[in-house]
Each structure stands twice: as C-alpha cells, then as structure tokens.
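Asks: One structure, as structure tokens, below. Some questions next.
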Ligand SMILES: NC(=O)c1ccc[n+]([C@@H]2O[C@H](COP(=O)([O-])OP(=O)(O)OC[C@H]3O[C@@H](n4cnc5c(N)ncnc54)[C@H](O)[C@@H]3O)[C@@H](O)[C@H]2O)c1
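In my numbering, the protein residues as written are 2 to 277.
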C-alpha cells in the first residue's frame, strides 16, 4: 500500500475523476475526507458498504467552508498529509462569438471561482497543516491547461491559470510542501457547466466521448476514470519526492497527434500482425 496512513482531503470527490481518486487512495491505505457540494452524491457514497470515507458538504468557492472542511479533516484524522483540489466545471467549448454578452461576466465569475478560486481556498486553508506534515497538494488541471480546443475561452483560460497556480504555490511553499498537478485528457463523467450559461444540468457524458473522441486520440480511446488515478497516487507518494511544481501529462496523446489525427502506429499493428 503506497499511501498507508496518509490523511487526505479530495474536493469534488463524490463523482467522476474525484471519486476514482478517492476509491484508489482508500485502496492504497489512505484515510480520505471527501468534499463536494452535492449532498445527494455524498449520501450515496456514505451508503456504500465497500468504502469507508468521511464526507463534508461544502462549496469550494467559500473560504470559510473550505477552512471548516480542512479543520474537520485535521480533527477526524489528527492531521493532513495531502490536499487534492479537483472540483471543477466546464464551458462545453462555447465559442466566445456565440456567447451572449449579457452572460459573459457572470459565466466568467462562476467558472473561475470554481476552477481557480476553489483550488486557492483549499490551498489557503491547508497550508499550516501541510507545512506541519511536510505534505503535498495535487491539483487537477486538464489538456486544456496546455492546448486549445479542450474547452471554450473560459475553461481553457481557467485551466492555464491552474498550471500557473501550481508553479506559484510550489515556489511559495518550498521546501515544506510539494505542489503538483495532473492534466487529464477526456473523461466520461458527470462534468457540468456554469448556471450562468444554463449548463448546470448538463453532463459531459451526453457527448459520448468514448465513441466521438476516443478514435481521434493518440492512444485510440478514452480511458476509464480509474486509469487516471494512478498519477495522483504517484504524486501523493514518496516515489515523487523530488517533484514539485510539475504536472503529469495524462492527455491521451492529444499533444502528439499531429496532422493525421489517427495513430500512425496502427499501421505497425497491421504490419506485424498483432491480434486485437
Ligand atoms: N471530464 C473531463 O473530460 C475532464 C477532462 C480534463 C479535466 N477534467 C477535470 O477533472 C475534474 C473533475 O471533473 P469530473 O469530470 O470528474 O466532473 P464531475 O462533475 O463528475 O465531478 C466533479 C465533482 O465536483 C463537484 N463540484 C462542482 N463544483 C463544486 C463546488 N463549487 N464545490 C464543491 N464541489 C463541487 C460536483 O458536485 C461533482 O461531484 C475537474 O477539475 C475537471 O475540470 C475533466
């Protein structure tokens, strides 16, 4: 068990990628407190008999609620070793020209407050405990933190900001606390959007990413949510002790697709007669 006795807090841990991180961390021996704004999902998680976690219903946009959540983790576990900022929303790749001018300011505020401020509130609240434990922070970025086309201007700008936040916090908190990130590619989840764009009830799963996007990726498919969790385990474990201010690129090869889109290596599979 790579995370035995680690005390961990995960935001947005009641669904999608966050839930996969929680499940994997528990399997690796960690004690996990899940923070999410969805009471319904937290209740469903607590009712599961196969996993034992603590939960706190909170909104990552609130400095006070995140301080309370961190305090709860410290009280229940006796400290904190790792804070995972993961809660986020998407803008459904809405183009700026198609965005209604009257929605722009509210949509910006809502998306940036969840995706960027929501990581900063966690960091602010967790600093003292993580300095004491010489712990770490891990933030979920995205392929949209590096490349265009993984969202609209709001989401892409927010995830670029997350990459900057990781570097700045790593700089400010060295040597006491390591700060790293993971940049996933597409994931088939319940990822929703800003209410200010009437996207709060949409889910990215409706886009059928495995069928529509999978074949365009260098790895040829959309990974299962749990396949992304190993990168977080690595960054939370002593195996990554030399790393801070880095982001593990798990973008399914979006950055290396080139002009052909489909994997050139497919020809090698045919050439060498590999089955399946
Ligand atoms: N799904 C993708 O294709 C994809 C790709 C790259 C990166 N990401 C990133 O992965 C992270 C997780 O997204 P997901 O796809 O698992 O989505 P998801 O909606 O399945 O899970 C996100 C969870 O965060 C919670 N949440 C949202 N806003 C919150 C807030 N203000 N306060 C507290 N909790 C809040 C939601 O209730 C939900 O349970 C996000 O940061 C997202 O940007 C997703």
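All C-beta atoms, glycine included, are put in the ideal place defined by N, C-alpha and C. Bear in mind the structure is a predicted one, so any value in this text is a computation, not a measurement.
Is it buried or exposed, residue 269, if we count other Cβ atoms within 10 angstroms and call 16 or more buried?
Replies: On the chain shown, position 268 is the one that residue 269 refers to. Exposed, since its Cβ has fewer than 16 Cβ neighbours within 10 Å.
Asks: Determine the DSSP secondary structure at residue 245, reduced to helix, strand or coil.
Replies: Looking up residue 245 in the chain shown gives position 244. Looking at residue 245 - three-state DSSP - the assignment turns out to be coil, as it is neither helix nor strand.
Asks: Near residue 8, which residues of its chain fall below 6 Å by C-beta distance, leaving aside the five closest residues on each side in sequence?
Replies: Position 7 of the chain shown, counting from 1, holds the residue named residue 8. Within the same chain, residue 8 has close Cβ partners 32, 78, 80, 81, 82.
Asks: Cα separation between residue 172 and residue 233?
Replies: The residue you call residue 172 lines up with position 171 of the chain shown. The residue you call residue 233 lines up with position 232 of the chain shown. One C-alpha to the other measures close to 20 Å.
Asks: Spatial neighbours of residue 39 within its chain, please: C-beta separation below 6 Å, excluding the five flanking residues on both sides.
Replies: Along the chain shown, read from residue 1 onward, the residue named residue 39 stands at position 38. Only 15 meet the Cβ criterion.
Asks: Look at residue 44 and residue 119 and say whether their C-beta atoms are less than 8 Å apart.
Replies: Taking the chain shown and counting its residues from 1, one reaches residue 44 at position 43. Taking the chain shown and counting its residues from 1, one reaches residue 119 at position 118. Taking 8 Å as the Cβ cut-off, residue 44 and residue 119 do not qualify as a contacting pair.
Asks: Along the alpha helix (DSSP H) that carries residue 41, what are the first and last residues, could you check?
Replies: Stepping through the chain shown from its first residue, residue 41 is reached at position 40. Counting along the chain, the alpha helix (DSSP H) containing residue 41 begins and ends at 40 to 48.
Asks: Should the region 157 to 164 be regarded as contacting the region 60 to 68, the criterion being three or more beta carbon pairs within less than 8 Å?
Replies: Verdict: no, contact absent.
Asks: Please tell me whether residue 4 and residue 238 are closer than 8 Å, where the distance is taken between their beta carbons.
Replies: Mapped onto the chain shown, residue 4 falls at position 3. Mapped onto the chain shown, residue 238 falls at position 237. Yes, these two residues count as a Cβ contact at 8 Å.
Asks: Counting only runs of 3+ residues fully inside the region 139 to 187, write out the beta strand (DSSP E) ranges in chain order.
Replies: Fully enclosed beta strand (DSSP E) runs of 3 or longer: 179 to 185.
Asks: What's the C-alpha gap between residue 121 and residue 258?
Replies: Counting from one through the chain shown, the residue named residue 121 turns up at place 120. Counting from one through the chain shown, the residue named residue 258 turns up at place 257. Straight-line Cα distance between these residues: approximately 33 Å.
Asks: Assess contact between the region 42 to 56 and the region 84 to 91, defined as three or more Cβ pairs (one per stretch) separated by less than 8 Å. Is contact present?
Replies: Result no; under three Cβ-Cβ pairs closer than 8 Å.
Asks: In its own chain, which residues sit with a C-beta less than 7 Å from the C-beta of residue 194, not counting the 5 before and 5 after it?
Replies: Here residue 194 is taken as the residue at index 193 of the chain shown, counted from 1. Once the five neighbours on either side are set aside, the close Cβ partners of residue 194 are 90, 91, 92, 93, 200, 201, 203.
Asks: Per DSSP, residue 250 forms a beta bridge with which residues?
Replies: The residue you call residue 250 lines up with position 249 of the chain shown. For residue 250, which the question treats as bridged, DSSP gives the partners 184.
Asks: At a cut-off of 7 Å, would you count residue 87 as near ligand 1, judging by its Cβ distance to the nearest heavy atom?
Replies: If you number the chain shown from 1, residue 87 lands on position 86. Yes, Cβ of residue 87 sits closer than 7 Å to a heavy atom of ligand 1.
Asks: Which class does residue 8 belong to by DSSP, given the choice of helix, strand or coil?
Replies: Residue 8 sits at position 7 when you count from the first residue of the chain shown. Three-state DSSP puts residue 8 in a strand.
Asks: Looking only at its chain, what residues have a beta carbon closer than 6 Å to the beta carbon of residue 126, apart from the 5 residues adjacent to it on each side?
Replies: Translated into positions along the chain shown, residue 126 becomes position 125. Correct list, in chain order: 67, 68, 71.
Asks: Under three-state DSSP, which class holds residue 88?
Replies: Position 87 of the chain shown, counting from 1, holds the residue named residue 88. DSSP places residue 88 in coil when its eight states are reduced to three.
Asks: Could you say which of 141, 2, 10, 25 lies nearest to residue 227 if we only look at CA atoms?
Replies: As a first step, residue 227 must be located in the chain shown, where it is residue number 226. Of 141, 2, 10, 25, the residue nearest in Cα terms is 25.
Asks: Mind checking whether residue 223 and residue 189 have CB atoms under 8 Å apart?
Replies: The count along the chain shown starts at 1 and reaches residue 223 at position 222. The count along the chain shown starts at 1 and reaches residue 189 at position 188. Yes, these two residues count as a Cβ contact at 8 Å.
Asks: Under DSSP, the beta strand (DSSP E) around residue 117 begins and ends at which residues?
Replies: The sequence position of residue 117 within the chain shown is 116, counting from 1. Careful: residue 117 lies outside any beta strand (DSSP E) and carries neither H nor E.
Asks: In whole angstroms, give me the CA-to-CA distance for residue 184 and residue 76.
Replies: As a first step, residue 184 is located in the chain shown; it is residue number 183 there, counting from the start. As a first step, residue 76 is located in the chain shown; it is residue number 75 there, counting from the start. Roughly 31 Å between the two C-alpha positions.
Asks: Output needed for residue 30: all residues of its chain with C-beta closer than 6 Å, excluding positions within five of it in sequence on either side, in chain order.
Replies: Looking up residue 30 in the chain shown gives position 29. Excluding residues within five positions, the ones whose Cβ falls inside 6 Å are 2, 4, 5.
Asks: Ligand 1 and residue 143: does any heavy atom of the ligand fall closer than 7 Å to the residue's C-beta?
Replies: Residue 143 sits at position 142 when you count from the first residue of the chain shown. Residue 143 Cβ: within cutoff of ligand 1.
Asks: Under 7 Å: does the beta carbon of residue 191 sit that close to some heavy atom of ligand 1?
Replies: For this step, residue 191 is matched to residue 190 along the chain shown. Yes.
Asks: Are residue 167 and residue 246 closer than 8 Å when you measure CB to CB?
Replies: Walking along the chain shown from the start, residue 167 turns up at place 166. Walking along the chain shown from the start, residue 246 turns up at place 245. Yes, these two residues count as a Cβ contact at 8 Å.
Asks: Where do the N-terminal and C-terminal ends of the beta strand (DSSP E) with residue 32 fall, by residue?
Replies: Stepping through the chain shown from its first residue, residue 32 is reached at position 31. Unbroken beta strand (DSSP E) run through residue 32: 32 to 37.
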